[in-house]
Structure formats: structure tokens, C-alpha cells
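> Just so you know, the protein sequences line up as chains A and B, in that order.
Numbering-wise, the first sequence is residues 2 to 178 according to this note's numbering.
Numbering-wise, the second sequence is residues 646 to 1315 according to this note's numbering.
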Amino acid sequence: MMMTRHALPLACFVTLAGLLGTQLGKAPPPLPSALLNHPAPSFTAPQLDRTKAVFTPQTMQGQVWLLNVWASWCASCREEHPLLLDIQQRHGIAIVGLSYEDEAQQGASWLDAQGNPYTSTPQDPDGRIGMELGVYGVPETFVVDKQGRIRMRHAGPLTPEAWQQTILPLIKELAHG
Amino acid sequence: MTPANLGHHALLLAWSVSLALGLLPLWAAQRSVPSGMKLARPLALVQSLLIFTSFACLLWSLGVNDFSVAYVAAHSNSTLPLYYRLAAAWGGHEGSLLLWVFILQLWTSLLVWRSPHWPADTLARVLAVLGLISFGFVSFILFTSDPFQLLAEPVSDGADLNPLLQDAGMIFHPPMLYMGYVGFAITFALAIAALLGPEPDRSWAAWARPWALAAWAFLTGGILLGSFWAYYELGWGGWWFWDAVENASFMPWLVGTALIHSLTATAQREVFKSWSVLLCIVAFSLSLLGTFLVRSGVVTSVHAFASDPARGQFILALLVIVVGGSLSLYAWRAPAWRERQGFSWFSREAALLINNLFLLVAAGSVLLGTLYPLAVEALDMGRISVGPPYFEAVFVPLMLPLLVLLGLGPMLVWKQADKPSVKRRGAQAAAISFLLTLGAALATQSSPLMTLGLLTGIWMLVCTAQLVARQVLGTTTPLSSPKRWTMRAAPRAFWGMVLAHTGMALFVMSVTLLKGLEHSQDQVLKVGNNVQLGAYQFQLTQVEPVAGPNYRAAQARVEVSRHGQVEALLFPQRRLYTVRNMPMTEAAIDRSLLRDLYVSLGEPGPDGQWAMRLQVKPFMSWIWLSCLAMACGGALAATDRRAAKPASSRAQASLQDAQGASITSSTAAA
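(1) Whole angstroms are fine: how far does the CA of Glu1248 (chain B) sit from the CA of Trp74 (chain A)?
(2) Take Val1117 (chain B) as the anchor and find which of B:Met646, B:Phe1139, B:Thr698 has the nearest alpha-carbon.
(3) Straight-line CA distance for Pro58 (chain A) to Asp87 (chain A)?
(4) What alpha helix (DSSP H) runs, 4 residues minimum, are completely inside the stretch 1265 to 1291 of chain B?
(5) In chain A, which residues lie less than 9 Å from Gly969 (chain B) when you measure between Cβ atoms?
(6) Counting only beta-carbon separations shorter than 8 Å, does Glu1248 (chain B) have a partner in chain A?
(7) Here's the rule I'm using: 16 or more other beta-carbon atoms within 10 Å means buried, otherwise exposed. How should Ser1293 (chain B) be labelled?
(8) Along chain D, in chain order, which residues have C-beta atoms closer than 8 Å to that of Val965 (chain B)?
(9) Of all the options A:Ile151, A:Ser77, A:Thr160, A:Leu9, which has the alpha carbon lying nearest to the alpha carbon of Leu68 (chain A)?
(10) Which chain A residues sit within Cβ distance under 8 Å of Pro1217 (chain B)?
(11) Can you tell me where the beta strand (DSSP E) with Lys1262 (chain B) in it begins and where it stops?
(12) Under 8 Å, do Ala995 (chain B) and Leu1043 (chain B) count as touching if we go by C-beta distance?
(13) Helix, strand or coil for Leu49 (chain A)? Go by DSSP, reduced to three states.
(14) Please name the residue in B:Asn1174, B:Leu1259, B:His906 whose C-alpha comes closest to that of Gly1253 (chain B).
(15) Assign Ala41 (chain A) to one of three DSSP states: helix, strand, or coil.
(16) By Cβ distance below 8 Å, which residues in the same chain neighbour Val1113 (chain B) in space, the five residues on each side in sequence not counted?
(17) Any idea if Pro158 (chain A) is buried or exposed, counting beta-carbon neighbours within 10 angstroms, 16 or more meaning buried?
(18) Measuring alpha carbon to alpha carbon, tell me which of B:Pro792, B:Gly867, B:Ala769 ends up nearest Ile831 (chain B).
(19) What residues in the stretch 1030 to 1060 of chain B have a beta carbon less than 9 Å from any beta carbon of chain A?
(20) Would you kindly check if the distance between the Cβ of Thr789 (chain B) and the Cβ of Phe959 (chain B) is under 8 Å?
(21) Return the CA-CA distance between Arg759 (chain B) and Pro980 (chain B), expressed in angstroms with no decimal places.
(22) Roughly how many angstroms lie between the CA atoms of Glu1212 (chain B) and Glu1204 (chain B), to the nearest whole one?
(23) Which residue comes first and which comes last in the beta strand (DSSP E) that contains Asn117 (chain A)?
(24) Count the other C-beta atoms from every protein chain shown that fall within 10 angstroms of the C-beta of Trp990 (chain B), then say buried if there are 16 or more, exposed otherwise.
(25) According to a CB-to-CB cut-off of less than 8 Å, which residues of the stretch 909 to 938 of chain B neighbour chain A?
(26) Using 8 Å as the limit for Cβ to Cβ distance, is Ala8 (chain A) near chain B?
(27) May I have the straight-line CA-CA distance separating Gly1084 (chain B) from Pro897 (chain B), to the nearest angstrom?
(28) Are any of the Cβ atoms in chain A nearer than 8 Å to that of Ser790 (chain B)?
(29) Can you tell me which of the three DSSP states Arg1202 (chain B) falls into?
(30) Just to confirm, is the Cβ distance from Pro670 (chain B) to Ala659 (chain B) under 8 Å?
(31) Just mark Leu1094 (chain B) as buried or exposed, buried being the case when its beta carbon has 16 or more other beta carbons within 10 Å.
(32) Quick check on the DSSP output: the beta strand (DSSP E) that includes Gln1166 (chain B) runs from which residue to which?
(33) Please confirm whether Phe785 (chain B) and Leu963 (chain B) have their CB atoms less than 8 Å apart.
(34) Hey, out of B:Leu904, B:Ala1088, B:Ala1192, B:Ala733, whose CA is closest to Ala804 (chain B)'s CA?
(35) Let me confirm a value: Pro141 (chain A) is counted as buried when at least 16 other C-beta atoms fall within 10 Å, else exposed. Which label applies?
(36) Kindly indicate which three-state DSSP category Gly1241 (chain B) falls into: helix, strand or coil?
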């Protein structure tokens, strides 16, 4: 009895270490999307640029595109913005910028100031589209294939490494396939 | 030889010396070889000097902007002022690990200097364990996180220090916090020495107590600085977020609090021996966990490890060896120890036992909340996060009985307390507390929950005041004598306790008043607009651009008036740090003892509008002051010389065993 009592802390620790160990061992995947390989939810939304028609994902059929969730109030969006501009200029990939829980006016002037990498800018002022997409936070980026299915989700600001090592190869593969 | 080169070589040398320190004296102590045990001190000093050199070299590289060093290039910039360049030594993963080892050496050399009366075998074991810890960390640095790594192609300028860290608070917070974390290495080493050597007794606890208190005081100060920094630098007026990093420092604090109380009982009455030893191990284990959580973010972002799995595996291996090894040793050796002293359930021992129980359960609940998301993910049940509501719901009810006990405990004497006398004193204190609370509740028109908080705080304050009154009035020295009012009337440890307990009481009261009476409002304002918040009127009078050394900013001018009289002028800024292109808000705070006025500037809107957060935070300064009182109380008790002296004859007996029969009485007395 005495022995077991004194061994209790050890037992607790072994459980805990095992827990940490399994976590490290499998190098957890970046936030998976429940929509992975499923069609992107369909929605219709007005754009920030009033001169453009309302946006719906169906118009993007036949091309591989990026859906970037952003907001003018989001500091990390500013961080990833130069990369988005670069991607658009260098690779000519269509990027749709979902203006998430934001005022139209502020979003538009933010794009004027920072530069606009987006081909379309659907608005999601009350976050409903974001909810359907399962957005955890801003920014987030989805890769959508020619058939309109979500193939990848990147949570948090895009990094040059993530772009070079995973996203760009995936886009190339999808474009050929 | 460049400083980076020198630093790297000093680290390599320190690595081999620490291995020698970890093995030789330990072997000598187990075999009772006096000459081998004598090696511990010189080896420890050499090791410390080498690490000091290495750390100085890192500071040097940062000071002279040596951008050929990868760490300097990644965490510093030539436009940074010198003090931030030096503080960048702990702005990144590699540097802060070196800081950890540096601080371990500070404690080790302090121990070599302060422990001449310890038996040679204990000192040899303690220094050897510290050497092994140092060996583990230096290995980690050398194999996975070398701060002296050179860049293949030197860059012309560095990437700058994270703007969040460019602040006076960040210069002092990490070293202070690490002083606390690493300080528990000393008590840990003492615990291992007790497990490997003779059974711990009263003098063992007396040796451990000042070190535990010192580490606890530093940890309290470190947490205070971190919270203080978060309050004014993160820019939205919060000061405790229950996030993983804060919890990581809070858990060792809770266990450390349990430890200093349990050590008191062991030192005075030789009870809870194996419990105290276990707490020494747990406090240090949680400190290690804390270091790694803060530095590597196992919990906050598991992704941090994905980039370099070697680091994660190394950390886990180190944790398993240190914690698993010591707990196995504990499971093997501690059952043989016998408690010789009994006590009744109405005694100070019992009160301290309950105190320990509550603190441990509280620490356990924080650990659960911090690691639960990880467990859920490990079991493939999705991803969740545990927020402040959990901690507030679980932690606060757990603390309440403990706080009531804080007032009651010191009234009890050791072994068997006198029931009628305690009843009388308790009733007296309770009556006064109820009256005072009634007055305070009426004055602030407080809610029932707030009244409960006030009552708890006032109860602790009244009980502590009663304790002081009895100590001062109860001694035989006449009241007129100045001696009566000096600290000589009672040991320093007593005044340390009084100060720390008063701090706790004031902390509970100020948190209660703050939560109950604060005002906060988010507003979009144009120049000239007014907002009324409680008794205060905020007016935005101007916004102008200003430039700093490495940032550009918009600065607002906010006039705060009360009853038509201008009481404060505040200048919050919205900064853009140019090197990293990172926006930051720099809040403006007007502090006084009764309230803080807090204004932060958000994003600009169209037509000259500015988003602003305006806050009135009553008694905010008291939160800092009360934590400061706790830290000072711990420090005061740590310097109590009487507590640290050997209390039994075993110390001297084993000293003689160790050093041979030739020992003279004068050395023993020294």
C-alpha cells in the first residue's frame, strides 16, 4: 500500500508524458477542414467594388483558385498581404478575397492603401459565409480546384514557406490534373 | 577569434565540465570518498565561469551588431537602442535557453558561496544534480538550438526584435521569471540529495526553505512583471488571460506556495517529510514544463515543433529523464521514511496540510485546463480550447476556502491548538470583518458576489492585523522601548509571512473592486467628440503624426475631465514598426492609487474617425502593489538567518563522517 501511494506521482507523469509523446510523434496536421474534398459551400454575395456583379463560386468553375478570408481590422492580414500581391502578379492565380465581418467602406479603403490582389471581393459582413466555410479566424486561405471542391485549408497568415512547399505544388498539380 | 566563436567554445567546455560535475562528486558521495566530494565546489565554479563567459559573448555579439551570427540577424537590428539589442539575448528561443543556463549558474554560484555549513555529502550531491541539469540544457543548446551559429552569408542588417518585446518590461520580465523557475532547481537538487543520501530531517527542510522562498519571491515578481507588461503593452487593458503561457508560470507558483508552507512544517516539526520532497520535485518539473511551454509553445501552437521535431523530441526526452527519473527514485526510496511526529486535526500542521491540498488541487485544475485541449486532440476528438470561463468557474471556488484558512491557520499552534482561545480570536476577527465589510459594501453599493470577495479580503486583513497586534503586545519588552517596534521582536520569517498574507488580502480586495466597478467602452470618435464613462468625460482633441527611432505613429490627445475639471491628458499611439511592417497600439494610462484611466487607439476609419477603447479601472495599482508585497514578503522570509541554520545534530555528525575524524570543533562551529 505504501509503495503504491508513493508511486502515484510517477504514474501520473507517465500518462502525461505519453500524451505529449503521441502529440510530438505525429507532427499534428495543420487545422484540417471538414470540407476537405467537398464542394465549397455555395453562396451569393455583393462585392466591395460596387461596379462588379454579385459573386458566386460557380463563376470560378474550370479554374484553380484561392479563397482568402481577410478583414481590414486584422493585423496578420496586413502581414500576409504583400505575399498575396506577389502571388497574383507572378503567377496570375485568381484570388477571391472574402471580406469577413467588415465594413464595406473600411475594406475598400484598406485595399486602396495596401494594393488589391483580388479578382473578386465578396462581402460577408455578418460572418455567415465564414461560418459555412468553418473559418476559425482571419486570415485563412482555401485552395479550390476546377470542380469547385476545397482541396486545402491554411489557417493563419500565409508564409513564403507554406506557399513554396505546399500550396504552389498543389495548385500546379490541380491545374494539370 | 570573434565573440561568437569564443562563446561557442566556452559552451563546449562548460558542457564537459558539467558532465564531470554531474558524475564525479555524486559517485564520491555514494561511496563516501571525501576527496571526490571536495571536487564539487571548484568544478561548479569553473562551469559557472564558462557559462558566464558564453553569455557575455552573446551580449557582446548583440552589442556590436555582429550580423554574421544567425541569432543576432534574426532578433536584432542596428536601429535598435543598445538596451533592446542586449535584451534581444532573451528575445528568441536559442538565447533564452542560454539565459536559463546562465541563471542556473547564478544560483549555483550563490549556493557555493552561501552553504559552507552543509554536510559535504549533501553539498556534493546537490551540486552534482545541478551539474547534470546544466549538462542536459547545454546539450539541448549545442545539439538543437545554438545561438552562436553563423550565417553562410552575413546580412547587412538584422530582422529586428519583435515590437511587442521592445519595452522596458520585456528587459526585466524574462530574467526575473527565470530566476524563479530556475531557483526551484536548488530545492529539486536538495530533494534528490535526500533521496540518494540520508533520510531528510528538520535541518534538511531548514536548508531548503530559504531557497524555496527566494525562488518563490522571484517567481511572484516575474509573474507580476509579465502581467504588468501585458496590461500596458498589449493595449486593451486586460492583465490576466489564463492563456497557456501564463498558466505555465502560475502552476509552479501554486506548487511553490504549497512547498514553502510544507517546508515550514517539516523544519519546525519534522512532519510531511516525503510530501515536502515530492513538492520539491513537482515544483521544478512544472518550472521545466513552464520553460518549454513559454519557449516552444507545445500547447499554444503545436506547429512550432513541426518545423523542427528534433527540438520537441529532445525536450520530451529531457523531461522524461528529469521528472520520470526523480519520481521513480521517489517511489523507490520515500516509502522507507517514517513520520515520527503526530498531530491533532486541530493544529497548525493540519491547517498547513489542508492548505497544501487546496493549492495542489488548484494547480492540478490549471494543468488540466492547459493540457486538456492537447489531450482531446491526442484522442482524435477534434480541437477545442479552454478559456477563462473554465478557470474562473473552477479556480475561484477552490481558492475561497483556502483564503479563509489563510486567516485562521496562523492562529493555530503546532501539534494541538487550544480550542476556546482560537474560537475567541476567530469570533473577534469575524465580527470586525463583518462590520467592515458591511461599511464597504454600503459605500460601493456592491453586488452579493462582490460583497463575498470583500469579506474574504477583509477577513484575511483583520486576522493578519490581529496576529501582528498579539505579537507586538504579547512580548515582554515594554511598549516604550524602541526595540519593541523593530523586527527583532519576531523572526524575519514572521514579518515576511505578515507582508505576504497582507499582500494576498489586498490582492483579493483590489481584484474584487476592480471587477465590480470598472467601466470600459469601445467608441469611434472624431476630433472634438466626447464620451461619458462613470464620473469621467473623455474628449478626443487632436490626432497628429509622430515618428520614433524605428516606427511611425499616429498620436491622439485625449482630455479626461471629472466634474468639469481636467484631470488627465493622455496620448495613446498607433504605431507602425517599419522594419517588420507591424502595427502596434501603444496605450496611454494615467495612474493613481484610486483608479487608472486607460485609453488605446485603434484603427483609423473614414473621415478622420478613430476607433478607441476607453477604460476606467478602479484600484488597478493595488493589484501591482499587493503582488509586490507578496514578493517582498517572500524575500524577507528568505533572508531569515535563523531559519537556515542546522537545527539538529545530524548535520554536524554527517559533516564529521564525510570529512573524517580530523575535523576540528572550530570548523564545525563555522
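Note that the Cβ used here is the ideal one computed from N, Cα and C, for glycine as well.
On the basis of the coordinates in this document:
(1) Translated into the one-based positions of the first sequence, residue 74 (chain A) becomes position 73. Translated into the one-based positions of the second sequence, residue 1248 (chain B) becomes position 603. Each residue's alpha carbon lies about 7 Å from the other.
(2) As a position in the second sequence, residue 1117 (chain B) is number 472, starting the count at 1. When C-alpha distances from Val1117 (chain B) are compared across B:Met646, B:Phe1139, B:Thr698, the shortest belongs to B:Phe1139.
(3) One-based indexing of the first sequence puts residue 58 (chain A) at position 57. One-based indexing of the first sequence puts residue 87 (chain A) at position 86. Cα to Cα, Pro58 (chain A) sits roughly 23 Å from Asp87 (chain A).
(4) The stretch 1265 to 1291 of chain B contains these whole alpha helix (DSSP H) runs: 1265 to 1283, 1286 to 1289.
(5) Within the second sequence, residue 969 (chain B) is the residue found at index 324, counting from 1. Near Gly969 (chain B) (Cβ distances below 9 Å), the residues of chain A are Leu11, Phe14, Val15, Ala18.
(6) Along the second sequence, one-based indexing puts residue 1248 (chain B) at 603. A Cβ of chain A is located within less than 8 Å of the beta carbon of Glu1248 (chain B).
(7) Your numbering for residue 1293 (chain B) matches position 648 in the second sequence. Residue confidence for Ser1293 (chain B) is low, a pLDDT of 42 falling below 50, so the modelled location carries little weight and cannot support an answer.
(8) Within the model displayed, chain D is absent; protein chains A and B are what it includes.
(9) Counting from one through the first sequence, the residue named residue 68 (chain A) turns up at place 67. Among A:Ile151, A:Ser77, A:Thr160, A:Leu9, the Cα nearest to that of Leu68 (chain A) belongs to A:Ile151.
(10) Here residue 1217 (chain B) refers to the residue found at position 572 when the second sequence is read from its first residue. Listed by position along chain A, the residues whose Cβ is nearer than 8 Å to that of Pro1217 (chain B) form an empty set, because the closest Cβ is around 17 Å away.
(11) In the second sequence, residue 1262 (chain B) corresponds to position 617, counting from 1. Taken as a continuous stretch (DSSP letters only), the beta strand (DSSP E) holding Lys1262 (chain B) covers 1255 to 1263.
(12) By one-based count along the second sequence, residue 995 (chain B) stands at place 350. By one-based count along the second sequence, residue 1043 (chain B) stands at place 398. Their beta carbons are not under 8 Å apart, which means Ala995 (chain B) does not touch Leu1043 (chain B) by this criterion.
(13) Along the first sequence, read from residue 1 onward, the residue named residue 49 (chain A) stands at position 48. Leu49 (chain A) falls in the coil class under three-state DSSP.
(14) Here residue 1253 (chain B) corresponds to residue number 608 of the second sequence, with the count starting at 1. Of the listed residues, the one whose Cα sits closest to Gly1253 (chain B) is B:Asn1174.
(15) Against the first sequence, residue 41 (chain A) aligns to sequence position 40. In the structure shown, Ala41 (chain A) falls within a coil segment according to DSSP collapsed to helix, strand and coil.
(16) Within the second sequence, numbered from 1, the residue matching residue 1113 (chain B) stands at position 468. Cβ-Cβ distances below 8 Å link Val1113 (chain B) to Val1143 in the same chain, with the five nearest sequence neighbours on each side left out; the list follows chain order.
(17) Reading the first sequence from its first residue, position 157 is the one you call residue 158 (chain A). So Pro158 (chain A) ends up on the buried side.
(18) The count along the second sequence starts at 1 and reaches residue 831 (chain B) at position 186. Per the Cα distances, B:Ala769.
(19) Cβ contacts with chain A come from no residue of the stretch 1030 to 1060 of chain B.
(20) Translated into positions along the second sequence, residue 959 (chain B) becomes position 314. Translated into positions along the second sequence, residue 789 (chain B) becomes position 144. Cβ atoms of Phe959 (chain B) and Thr789 (chain B): closer than 8 Å.
(21) Numbered from 1 along the second sequence, position 114 holds the residue referred to as residue 759 (chain B). Numbered from 1 along the second sequence, position 335 holds the residue referred to as residue 980 (chain B). Distance between the alpha carbons of Arg759 (chain B) and Pro980 (chain B) is about 32 Å.
(22) Against the second sequence, residue 1212 (chain B) aligns to sequence position 567. Against the second sequence, residue 1204 (chain B) aligns to sequence position 559. Their Cα atoms are separated by approximately 8 Å.
(23) Sequence index remark: in the first sequence, residue 117 (chain A) carries index 116 (1-based). Going by DSSP, Asn117 (chain A) is part of no beta strand (DSSP E) at all; its letter is neither H nor E.
(24) For the purposes of this step, residue 990 (chain B) is taken as the residue at position 345 of the second sequence. By the 16-neighbour rule on beta-carbons within 10 angstroms, Trp990 (chain B) is exposed.
(25) Per Cβ criterion, the list reads Ser919, Leu923, Ile926, Val927, Ser930.
(26) The count along the first sequence starts at 1 and reaches residue 8 (chain A) at position 7. Closer than 8 Å: yes.
(27) As a first step, residue 1084 (chain B) is located in the second sequence; it is residue number 439 there, counting from the start. As a first step, residue 897 (chain B) is located in the second sequence; it is residue number 252 there, counting from the start. One alpha carbon belongs to Gly1084 (chain B), the other to Pro897 (chain B), and they sit about 37 Å apart.
(28) Start at 1 with the first residue of the second sequence, and residue 790 (chain B) comes out as number 145. No, its Cβ sits nowhere closer than 8 Å to a Cβ of chain A.
(29) The count along the second sequence starts at 1 and reaches residue 1202 (chain B) at position 557. In the structure shown, Arg1202 (chain B) sits in a strand (DSSP, three-state: E or B).
(30) The sequence position of residue 670 (chain B) within the second sequence is 25, counting from 1. The sequence position of residue 659 (chain B) within the second sequence is 14, counting from 1. Going by C-beta atoms, Pro670 (chain B) is not nearer than 8 Å to Ala659 (chain B).
(31) The residue you call residue 1094 (chain B) lines up with position 449 of the second sequence. Sixteen is the threshold: since fewer than 16 other Cβ atoms of the shown chains lie within 10 Å of the Cβ of Leu1094 (chain B), the residue is exposed.
(32) As a position in the second sequence, residue 1166 (chain B) is number 521, starting the count at 1. First-last of the beta strand (DSSP E) with Gln1166 (chain B): 1164 to 1170.
(33) By 1-based counting over the second sequence, the position of residue 785 (chain B) is 140. By 1-based counting over the second sequence, the position of residue 963 (chain B) is 318. Cβ atoms of Phe785 (chain B) and Leu963 (chain B): closer than 8 Å.
(34) Residue 804 (chain B) sits at position 159 when you count from the first residue of the second sequence. That would be B:Ala733, whose Cα lies nearest to the Cα of Ala804 (chain B).
(35) In the first sequence, counting from the first residue as 1, residue 141 (chain A) sits at position 140. According to the sequence as given, residue 141 (chain A) is Glu; it is not Pro. Taking all protein chains in view, the Cβ of Glu141 (chain A) is crowded by 16 or more other Cβ atoms within 10 Å, so the residue is classified as buried.
(36) As a working note, residue 1241 (chain B) is residue 596 in the second sequence. What sits at residue 1241 (chain B) in the sequence shown is Asp, not Gly. Of the three classes helix, strand and coil, the one that applies to Asp1241 (chain B) here is strand, per DSSP.
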